[in-house]
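I have placed the structure first, in the form of structure tokens, so that the comments after it can refer back to it.
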Amino acid sequence: MAVFNLSVNGKKQQVDVDPATPMLWVLRDHLNLVGTKFGCGIAQCGACTIHLDGTAIRSCQMPVSAVADKAITTIEGLSEEGDHPVQKAWLEHDVPQCGYCQAGQIMTASALLASNPNPSDDEIEAAMNGNICRCGTYLRIKAAVKTAAANA
Amino acid sequence: MKPLHNPPEPSILKKVDRRSFLKISGLSATGIIIGMQIGCSPSKKKDSGIPFSPNVYLTVNSDGTVTIVAHRSEMGTGIRTGLPLIVADELEADWSKVKVVQAIGDEARYGNQNTDGSFSVRMFFEPMRKAGATARMMLEQAAANEWGVPVGECKAKNSEVAHEGSGKKLGFGELTEAASKLEMPAEDKITLKKKSEWKFIGKSTPIVDIEDIISGKGGFGLDKKVAGMKYATVLRCPVAGGKVKTFNADKAMQVAGVQKVFEMPFTAFPGGINAPLGGLLVVADNTWAAIKGRDALEVEWDFGPNAKYSTADYFEDMLGKVKNKGQVHREEGSVETSFKNAAKTIDSTYLIPHLSHAPMEPPCAVAHFKDGKCEVWAPTQNPQGANDALAEALKIDKANVTVNVTLLGGGFGRKSKPDFIVEAALASQMSGFPVKIIWTREDDIQHDFFHACSVQRIKVALDNNKKVTGWEHHSVFPPIGGTFSPDATGPSFDELQLGMVDMPFDIPNISCQSHEAKAMTRIGWLRSVSNIQHAFAIGSMVDEIAVARQMDPVENLLDLIGSDREIPFDKLMEGFGNYGEPVEKFPMKTARLKNVVKLAAEKSGWGKELPKGHGMGICAHRSFLTYVACVVHVAVDDAGKLTIPEVHFAVDCGIVVNQNSVKNQFEGGGTFASSLALKGGIAFKDGQTVAKNFDQFEVARMQDTAKEIFVHLVESDEKPTGVGEPPVPPFAPALANAVFAATGKRSKELPIKMS
């Protein structure tokens with residue numbers, strides 16, 4: 013076990029955990045931020061996507077010991093009122109069905125738009141391809157990303 | 035065994051005692067409470083076990099808000115929104131003042147809550163309307179009494195009652211006390227709104243949970259926490275029916291955070307859907323410790339009776355069987371004569387693999403066993419099934435079990451089996467802690483209740499005039515019943531009614547046969563069940579017939595369906611279930627099937643000139659009483675890479691409740707089906723799944739799915755039918771037919787391989 017000082021959604025947090033613990037479980041079990049989801053544990057599905065210094069990463073493959081002082085943003089910290097342009101576009105297009113994967117989808121999409129404000133269809137597909145949705149909401153996700161790009 | 039689809043029968047409405055309501059639901063409700071008593075009608079079928087007496091509740095509160103209890107599970111179909119919308123429409127409630135509360139599992143109160151079989155809207159459309167209308171009429175009566183005017187002059191609208199002559203208004207909240215003292219109108223006096231007056235039914239409304247979902251607020255099973263809770267994993271034998279021979283937990287106990295290791299009770303194969311598989315339970319302070327502790331276990335397995343299960347061998351065996359005469363389930367005319375006299379025959383065999391549900395939220399549950407009582411929180415499609423299973427496993431009375439239903443991160447049939455909830459409860463009972471059980475994805479894929487692998491063979495006879503005169507269909511797959519009983523030795527009639535024996539074509543000589551196959555792993559129902567393999571075979575064969583007849587596939591399909599008529603399946607076959615509905619109430623109408631074929635063809639631009647490498651394919655399939663036609667348009671480049679520019683679904687599901695949800699189900703269903711059409715199946719070797727996670731069990735991603743999916747809804751006054759499962763069956767055959775149109779190569783095996 014070891015103590016780690018983390019910056020999560022703009023707040024300083026301290027945890028005492030096994031250094032190999034993936035950030036996913038630090039967030040969910042230790043910091044009670046359960047918006048970030050477990051899907052596969054091997055970075056294949058994207059349900060656990062968070063931002064590390066603004067870049068989308070799969071938190072199931074990111075040990076807490078590797079985070080250092082980088083800023084972590086989770087779905088809970090993406091916006092104050094759930095009104096990030098990507099979240100607003102998700103509402104406009106009625107994207108979710110079961111909703112379980114959507115936090116990861118939104119985190120991937122918001123990181124994409126931060127680095128590429130006007131992505132092409134191919135760029136959207138390439139960026140979002142690592143996020144699985146078993147309900148099959150991909151077309152609405154793609155439309156919502158475009159709307160968010162237009163409204164940002 | 036599990037009855038496949040036997041919904042209850044609705045009957046009368048009655049007012050309930052508020053105190054018992056408060057006690058049961060835990061709501062702080064004040065105001066009118068309408069309870070719906072839905073009659074107990076013992077099921078006609080011997081094997082369908084569940085008695086039904088649903089109660090569904092709505093409360094108009096004195097602050098003007100309306101609380102509606104959702105008694106069905108939300109796994110992404112929008113049912114937690116759809117049923118309350120129906121109530122709110124008839125009630126004339128302001129939707130912004132409606133709060134939806136999830137029911138616990140309680141058979142006595144709510145009747146059947148098993149959310150599968152695409153029957154929630156079909157079953158509850160009318161009772162929900164009556165519940166809303168009853169409350170509306172009582173509020174209008176209360177206002178009329180208050181003003182001393184005839185009730186006919188008082189009309190509810192948007193959570194108020196207005197008097198036509200004077201313009202006086204009273205809010206629902208101001209009327210609840212007076213209304214609650216009134217007698218309920220008799221059921222035959224309830225006046226329902228006209229279709230033209232509907233505000234929500236037939237329109238689009240966002241799901242009630244959307245804002246919570248997009249802001250990451252907890253609410254799924256995996257998100258549940260209770261005070262003092264521990265986290266647990268189970269190491270299960272990789273072969274279904276295998277058990278622990280010896281184990282050593284010393285290294286696991288050295289993992290920081292691991293509290294205890296237990297051996298779970300073992301149930302011999304086949305053990306049904308309630309009993310967990312057994313194995314070793316690791317209870318820890320957090321999820322990571324539970325996973326690492328499990329990794330450190332040393333175990334020697336007795337792999338048991340299924341140790342040699344190999345799907346390669348199993349397919350060989352099934353391929354041999356379909357060459358023979360099987361058990362006949364539907365027979366008309368003489369197929370033998372039709373083949374003897376045939377000018378041409380077509381004989382094709384189709385292979386469909388095992389499939390895994392793989393909902394994005396794997397099975398998980400929180401259980402707290404204390405003082406002989408157990409409370410669980412679980413993403414379950416079937417809270418009552420869980421209640422029964424828990425009482426049995428814990429050896430306590432059902433009344434001492436409480437099943438709270440969380441949001442489900444996908445279900446697709448997996449979460450109507452309560453095995454994982456029983457694991458959590460046993461873990462709590464054994465360890466003394468409240469426990470959350472977490473299935474990793476490897477657990478989920480290896481230990482699923484798999485969709486059956488299958489071989490289908492269809493032989494067709496054509497005469498000199500290219501008329502189809504004979505249809506002989508052979509179906510073989512390990513049955514769902516094989517998960518429950520070693521005596522289940524082949525597809526049940528229930529399973530064959532899902533797309534095989536209810537084949538709608540006007541052919542004079544028909545024989546539908548099944549063959550024996552024993553389950554060697556746990557088989558379960560997956561979104562649309564055996565409609566998947568039956569529709570793939572039939573939809574593909576129809577296209578082969580079109581080629582043989584040198585006919586346009588749409589014209590061929592319409593010709594095969596034949597004249598406008600109702601097909602009396604119940605007269606053609608004894609014990610025909612019709613998805614739990616009387617055939618006279620929900621007949622198979624060929625005109626509705628042809629109508630969706632024509633609509634899909636028209637909307638997709640069927641017959642238009644396409645670029646080189648492009649092709650379109652069609653399939654029509656009625657399942658769960660909903661009529662669907664699907665046209666898939668594919669493009670295959672020189673390297674053999676396939677893309678899907680467009681998909682068109684034409685849908686006749688009767689009255690549409692929430693357009694948004696229906697369209698979402700079809701868009702998503704098309705994508706769900708593209709996983710099974712193009713991506714992964716589950717193979718077994720040495721009794722174990724070859725794939726363990728999404729790196730090997732591939733599912734459709736954004737780049738794999740269609741670029742556009744159009745959903746065309748038939749405007750209809752017919753009774754509403756389900757939309758959760760019906761999108762899936764016709765997609766894969768339409769896709770295979772499109773690939774044939776584009777390339778001249780026909781794939782008779784799923785998933786379709788392009789190289």
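First to last, the sequence lines map onto chains A and B. If you use this note's numbering, the first sequence corresponds to residues 13 to 164, in order. If you use this note's numbering, the second sequence corresponds to residues 35 to 789, in order. Cβ coordinates follow ideal geometry from the N, Cα and C atoms, glycine included. Computed from a predicted model, the values in this text were never measured in an experiment.
Nearest to B/G252 by alpha carbon, out of B/L442, B/E752 and B/L460? If you number the second sequence from 1, residue 252 of chain B lands on position 218. For B/G252, the nearest C-alpha among the options comes from B/L442.
Compare the beta carbon distance of B/I579 and B/A768 with 7 Å and say whether it is the shorter of the two. As a first step, residue 579 of chain B is located in the second sequence; it is residue number 545 there, counting from the start. As a first step, residue 768 of chain B is located in the second sequence; it is residue number 734 there, counting from the start. It is not a contact, given that the beta carbons lie outside the stated cut-off.
Taking the beta carbon of B/G715 as the centre, do at least 16 other beta carbons fall within 10 Å, making it buried, or is it exposed? In the second sequence, counting from the first residue as 1, residue 715 of chain B sits at position 681. Under this definition B/G715 is a buried residue.
Spatial neighbours of B/G704 within its chain, please: CB distance less than 8 Å, with the 5 preceding and 5 following residues excluded, ordered by chain position. Counted from its first residue, the second sequence places residue 704 of chain B at position 670. Cβ within range, chain order: C664, V681, F683, T739, A740, I743, P761 and F765.
Between the C-alpha atoms of B/A495 and B/D540, what's the straight-line distance to the nearest angstrom? Working through the second sequence from its first residue, we reach residue 495 of chain B at position 461. Working through the second sequence from its first residue, we reach residue 540 of chain B at position 506. Spanning the two alpha carbons is a distance of roughly 13 Å.
Rounded to a whole number of angstroms, what is the C-alpha to C-alpha distance between B/S193 and B/Q547? Counting from 1 along the second sequence, the entry for residue 193 of chain B is found at position 159. Counting from 1 along the second sequence, the entry for residue 547 of chain B is found at position 513. Cα-Cα distance, rounded: 57 Å.
Among A/N141, A/T120, A/L125 and A/K23, nearest to A/D81 - alpha-carbon criterion: Residue numbering aside, residue 81 of chain A sits at position 69 when the first sequence is read from its first letter. The shortest C-alpha separation from A/D81 is found at A/K23.
Measuring only the C-alpha atoms, how far is B/V489 from B/P240? Residue 489 of chain B sits at position 455 when you count from the first residue of the second sequence. Residue 240 of chain B sits at position 206 when you count from the first residue of the second sequence. Their backbone Cα atoms lie some 41 Å apart in a straight line.
Quick one: is B/K787 buried, meaning 16 or more other Cβ sit within 10 Å of its Cβ, or exposed? Position 753 of the second sequence, counting from 1, holds the residue named residue 787 of chain B. Exposed is the call here.
Between B/F337, B/V292, B/N320 and B/G306, which has its C-alpha nearest B/G313's C-alpha? Along the second sequence, read from residue 1 onward, the residue named residue 313 of chain B stands at position 279. For B/G313, the nearest C-alpha among the options comes from B/F337.
Taking 7 Å as the limit between beta carbons, can you name the residues of its chain near B/F300, skipping five residues before and five after? Counting from 1 along the second sequence, the entry for residue 300 of chain B is found at position 266. Counting only Cβ-Cβ distances below 7 Å, and skipping sequence neighbours, we find K277 and G312.
With 16 other Cβ atoms within 10 Å as the buried cut-off, status of B/P118: Stepping through the second sequence from its first residue, residue 118 of chain B is reached at position 84. The residue is buried, with at least 16 neighbouring Cβ atoms inside 10 Å.
Alpha-carbon spacing of B/D536 relative to B/V617, whole angstroms: What you label residue 536 of chain B is simply residue 502 of the second sequence in a count that begins at 1. What you label residue 617 of chain B is simply residue 583 of the second sequence in a count that begins at 1. Taking the straight line from one Cα to the other gives about 12 Å.
Using a threshold of 7 Å, state whether the C-beta atoms of B/G596 and B/R156 are closer than that. Counted from its first residue, the second sequence places residue 596 of chain B at position 562. Counted from its first residue, the second sequence places residue 156 of chain B at position 122. Cβ distance not < 7 Å, so B/G596 and B/R156 don't count as in contact.
Identify which residue in B/T777, B/E108 and B/A420 has its Cα closest to the Cα of B/T440. Taking the second sequence and counting its residues from 1, one reaches residue 440 of chain B at position 406. B/T440 has its Cα closest to that of B/E108, out of B/T777, B/E108 and B/A420.
Taking Cβ-Cβ distances shorter than 7 Å, what residues in chain B pair up with A/T67? Residue mapping note: residue 67 of chain A aligns to position 55 of the first sequence, counting from 1. In chain order: nothing, as chain B lies at least about 19 Å away.
Beta-carbon contacts of A/A59 that lie in its chain and below 6 Å, excluding the five residues immediately before and after: Here residue 59 of chain A refers to the residue found at position 47 when the first sequence is read from its first residue. The answer, listed in chain order, is K49, G51, C113 and G116.
Chain-ordered neighbours of B/N727 on chain E, where CB pairs are closer than 7 Å: Of the protein chains in the structure, A and B, none is chain E.
Could you tell me whether any Cβ in chain B is nearer than 7 Å to the Cβ of A/R146? Here residue 146 of chain A corresponds to residue number 134 of the first sequence, with the count starting at 1. Chain B, which has a Cβ nearer than 7 Å to the Cβ of A/R146, makes this yes.
Below 8 Å on the Cβ atoms is my contact criterion, and I expect B/I244 with A/L103 to pass it. Report the Cβ-Cβ distance as a whole number of Å. In the second sequence, the residue the question calls residue 244 of chain B occupies position 210. In the first sequence, the residue the question calls residue 103 of chain A occupies position 91. Rounded, the Cβ-Cβ distance is 6 Å, consistent with contact.
Count the other C-beta atoms from every protein chain shown that fall within 10 angstroms of the C-beta of B/A346, then say buried if there are 16 or more, exposed otherwise. For this step, residue 346 of chain B is matched to residue 312 along the second sequence. The residue is exposed, with fewer than 16 neighbouring Cβ atoms inside 10 Å.
C-beta atoms of B/V317 and B/S465 nearer than 7 Å: Along the second sequence, read from residue 1 onward, the residue named residue 317 of chain B stands at position 283. Along the second sequence, read from residue 1 onward, the residue named residue 465 of chain B stands at position 431. Going by C-beta atoms, B/V317 is nearer than 7 Å to B/S465.
According to DSSP, is B/H568 part of a helix, a strand, or is it coil? For this step, residue 568 of chain B is matched to residue 534 along the second sequence. B/H568 falls in the helix class under three-state DSSP.
DSSP three-state assignment for A/T120, whether helix, strand or coil: On the first sequence, residue 120 of chain A is found 108 positions in, with the first residue counted as 1. Three-state DSSP puts A/T120 in a helix.
Close beta carbons around B/E141, own chain, < 7 Å, minus the five adjacent residues each side: Taking the first residue of the second sequence as position 1, residue 141 of chain B is located at position 107. Here the set comprises Q418.
Please confirm whether B/W640 and B/V588 have their CB atoms less than 7 Å apart. Position 606 of the second sequence, counted from the first residue, corresponds to residue 640 of chain B. Position 554 of the second sequence, counted from the first residue, corresponds to residue 588 of chain B. In this structure, B/V588 lies closer than 7 Å to B/W640 by Cβ.
Quick check: the segment 478-485 of chain B against the segment 367-384 of chain B, are there 3 or more CB pairs under 8 Å? no
Residues that B/Y265 contacts on chain A, provided the C-beta gap is smaller than 8 Å: Here residue 265 of chain B corresponds to residue number 231 of the second sequence, with the count starting at 1. D41, listed in chain order.
Contacts of A/G22 in chain B (Cβ-Cβ under 7 Å): Position 10 of the first sequence, counting from 1, holds the residue named residue 22 of chain A. Correct list: empty, because the minimum Cβ distance to chain B is about 15 Å.
Could you name the residues that DSSP lists as bridge partners for A/P75? For the purposes of this step, residue 75 of chain A is taken as the residue at position 63 of the first sequence. According to DSSP, A/P75 bridges with A/P34.
Using 8 Å for Cβ pairs, my map puts B/A309 next to B/V400. What's the rounded Cβ distance? Here residue 309 of chain B refers to the residue found at position 275 of the second sequence. Here residue 400 of chain B refers to the residue found at position 366 of the second sequence. Going by Cβ atoms, the distance from B/A309 to B/V400 rounds to 20 Å, so no, they are not a contact pair.
Applying the 10 Å Cβ sphere with the 16-neighbour rule, what's the burial state of A/Q99? Looking up residue 99 of chain A in the first sequence gives position 87. Per the 10 Å Cβ criterion, buried.
With 16 other Cβ atoms within 10 Å as the buried cut-off, status of A/V157: The residue labelled residue 157 of chain A in the question sits at position 145 within the first sequence. That one is buried.
Any 3 or more C-beta pairs closer than 8 Å across the segment 770-778 of chain B and the segment 641-649 of chain B: yes
Would A/A55 and A/Q73 be called neighbours here (beta carbons separated by less than 7 Å)? For the purposes of this step, residue 55 of chain A is identified with residue 43 of the first sequence, where counting begins at 1. For the purposes of this step, residue 73 of chain A is identified with residue 61 of the first sequence, where counting begins at 1. In this structure, A/Q73 lies closer than 7 Å to A/A55 by Cβ.
DSSP three-state label for B/C692, please. Start at 1 with the first residue of the second sequence, and residue 692 of chain B comes out as number 658. It should be noted that the sequence gives Asn, not Cys, for residue 692 of chain B. B/N692: strand per DSSP, three-state reduction.
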